[in-house]
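Engineer:
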Amino acid sequence: MLIPINVPQIGEEEIEAAVKVLKSGILTHALGSGPMVKRFEEEYAKLVDAKYALAVNSGTAALHAAVLAAGVSFGDEVILPSFTFVATAEVVVLAGAKPIFVDIDPVTYNISPEKVEEAITKKTRAIIAVDLYGLPADLKPIKEIADRYGLTVIEDAAQAHGAVYNGKPAGAYADMACWSFYASKNMTTGEGGMVTTNNKEFAEKLRLFRCHGEMEKYKSVVLGHNYRMPEIQAAIGLVQLEKLPKFLARRRENAERLTGNLTDLESILQLPIEPENRKSSWYLYTVRLKEADAARRNALVERLRSEGIGAEIYYAYPIHLMPYYRKFGVFRLSETEKASEQVFSLPVHPGVTPEQIDFISHKIRETI
Ligand SMILES: Cc1ncc(COP(=O)(O)O)c(C=O)c1O
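Just so you know, my numbering puts the end of the sequence shown at 399, numbered straight through with nothing missing.
#1: Which word fits residue 360, buried or exposed, when buried means at least 16 other C-beta atoms lie within 10 angstroms of its C-beta?
#2: Since residue 119 is in the alpha helix (DSSP H), which residue starts that stretch and which ends it?
#3: Could you tell me the boundaries of the beta strand (DSSP E) in which residue 211 lies?
#4: Looking at the structure shown, is residue 114 part of a helix, part of a strand, or coil, going by DSSP?
#5: Could you tell me which of 381, 33, 235, 208 sits nearest to residue 316, measuring between CA atoms?
#6: Assign residue 156 to buried or exposed, taking buried as 16 or more other Cβ atoms, counted over all protein chains shown, within 10 Å of its Cβ.
#7: Should residue 189 be listed as close to ligand 1, given that the test is whether its C-beta is under 7 Å from any heavy atom?
#8: Does DSSP classify residue 182 as helix, strand or coil?
#9: Can you look up residue 70 in the DSSP assignment and give me helix, strand or coil?
#10: Check the Cβ-Cβ distances between residue 244 and every residue of chain E, and say whether any is below 8 Å.
#11: Rounding to the nearest angstrom, what Cα-Cα distance links residue 74 and residue 354 in this structure?
#12: Apart from the five residues on each side of it in sequence, which residues of its chain come closer than 7 Å, Cβ to Cβ, to residue 154?
#13: Mark residue 384 as exposed unless 16 or more other C-beta atoms lie within 10 angstroms of its C-beta, in which case mark it buried.
#14: Between the C-alpha atoms of residue 67 and residue 240, what's the straight-line distance to the nearest angstrom?
#15: Under a Cβ-count criterion, where at least 16 other Cβ atoms within 10 Å of its own Cβ denotes burial, should residue 100 be classed as buried or exposed?
#16: According to DSSP, is residue 147 helix, strand or coil?
#17: Mind reading off the beta-carbon distance from residue 93 to residue 226? Whole number of angstroms is fine, and I expect it under 8 Å.
#18: Please identify the residue among 322, 128, 302, 323 whose C-alpha is closest to the C-alpha of residue 313.
#19: So what's residue 155 in DSSP terms, helix, strand or just coil?
#20: Give me whichever residues DSSP pairs with residue 187 in a beta bridge.
#21: Sort 319, 398, 42 by Cα distance to residue 219 and report the nearest one.
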């Protein structure tokens, strides 16, 4: 049996909440804000200390809506990391803009603020920073750069529910933060997403875009989409939100135990760190096999999997090297490319027991 990298943590409470919605007969709302969705938005806004929260039906929808609300359009450029899930870049292209991929910091794997500034041109409209593996990107300098050039900052916080940056919840420094509730995430609604913001204008644009650009039914004032979150999803989300602190505590315990067990291997294995002003949500516990090439790293991952450890690679293909995305320019992102050949992630989700953490540590030591 494999210890999976992530598993949805679903109990009787989520099942009851979903059944209750089914029995209520209210499954959705024509303009996207049914009673459960409204409550979920209110509670989620409290979690991240935001004025507005708009629920949508995926993290990708959240990013797409945010990019459009930022006014990104044909001919614009958007700066983002290549070392992320493809959705971060996909929405830029869907908006008609050009993704400008920049390199990462080799220790945190987050986008490098210096590289962001170097990539700004007259065409730049927005910056997307990703809280990779649940560790917040260095948003303060990024926001300062953006303010100097009049750019919008979008935080892809899909992996960062419960993460902290400079004493504030992840998302606080960005103009808009985008969250995912996909089944593997720290809290889930199966599929689902949210955009949070303190900016009323962005909130209004997001609301319109979420539902066909309709201010009222069947009267579109702008271009929109159907990105509405169903009521069942919101009801499940409310339960998961209540459980989130417990989930995060378990992830942290597991991550810290793994670090404690593996510190003496640090000359071979780079362990994940939390810089002083940041707290990870520990969505993924990602280590780096120093000096390795992809073949050696892949062999190690395969070996761990044969031992029942669901190690995974996030991400073996940086976006700028993916077949579709190569057309956006020839890039050499040395830190991104090196990381993509050396990293792998280990399970620390709330269902992993301390004994399993010790087993994982033992097998890593043995394999290395
Ligand atoms: C960094 C990142 N961005 C965006 C997404 C897209 O979210 P979703 O799968 O909910 O569309 C995900 C998750 O899958 C992600 O990990």
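Positions of the beta carbon are idealized from the N, C-alpha and C atoms, including for glycine.
Computed from a predicted model, the values in this text were never measured in an experiment.
Structural biologist: Result, derived from the coordinates:
#1: One-based indexing of the sequence shown puts residue 360 at position 329. Result: exposed.
#2: Within the sequence shown, the letter at position 88 stands for residue 119. Residues 118-125.
#3: Taking the sequence shown and counting its residues from 1, one reaches residue 211 at position 180. Annotation: the continuous beta strand (DSSP E) that includes residue 211 extends over 207-211.
#4: Here the question's residue 114 lines up with position 83 in the sequence shown. Coil, per DSSP.
#5: Position 285 of the sequence shown holds residue 316. Cα-wise, what sits closest to residue 316 is 381.
#6: Position 125 of the sequence shown, counting from 1, holds the residue named residue 156. Residue 156 is buried by the Cβ-count criterion.
#7: Taking the first residue of the sequence shown as 1, we reach residue 189 at position 158. For ligand 1, at least one heavy atom lies less than 7 Å from the Cβ of residue 189.
#8: Stepping through the sequence shown from its first residue, residue 182 is reached at position 151. Correct three-state label for residue 182: coil.
#9: As a position in the sequence shown, residue 70 is number 39, starting the count at 1. Note: residue 70 maps to helix in three-state DSSP.
#10: Here chain E cannot be found, since the structure has a single protein chain.
#11: Here the question's residue 74 lines up with position 43 in the sequence shown. Here the question's residue 354 lines up with position 323 in the sequence shown. Answer to the nearest angstrom: the Cα atoms are 40 Å apart.
#12: Your numbering for residue 154 matches position 123 in the sequence shown. Within the same chain, and ignoring the five residues on either side of residue 154 in sequence, the residues whose Cβ sits closer than 7 Å to its Cβ are 106, 107, 108.
#13: Reading the sequence shown from its first residue, position 353 is the one you call residue 384. Residue 384 is exposed by the Cβ-count criterion.
#14: Against the sequence shown, residue 67 aligns to sequence position 36. Against the sequence shown, residue 240 aligns to sequence position 209. Cα to Cα, the separation comes out at about 20 Å.
#15: In the sequence shown, residue 100 corresponds to position 69, counting from 1. Looking at its Cβ environment, which holds 16 or more other Cβ atoms inside 10 Å, residue 100 is buried.
#16: Your numbering for residue 147 matches position 116 in the sequence shown. Here residue 147 sits in helix by DSSP.
#17: Walking along the sequence shown from the start, residue 93 turns up at place 62. Walking along the sequence shown from the start, residue 226 turns up at place 195. The beta carbons of residue 93 and residue 226 sit about 5 Å from each other, so the pair counts as a contact at 8 Å.
#18: One-based indexing of the sequence shown puts residue 313 at position 282. Of the candidates 322, 128, 302, 323, 302 places its Cα closest to the Cα of residue 313.
#19: Position 124 of the sequence shown, counted from the first residue, corresponds to residue 155. Three-state result, residue 155: strand.
#20: Working through the sequence shown from its first residue, we reach residue 187 at position 156. DSSP lists 161, 209 as the bridge partner or partners of residue 187.
#21: For this step, residue 219 is matched to residue 188 along the sequence shown. Taking only the C-alpha atoms, the option nearest residue 219 is 42.
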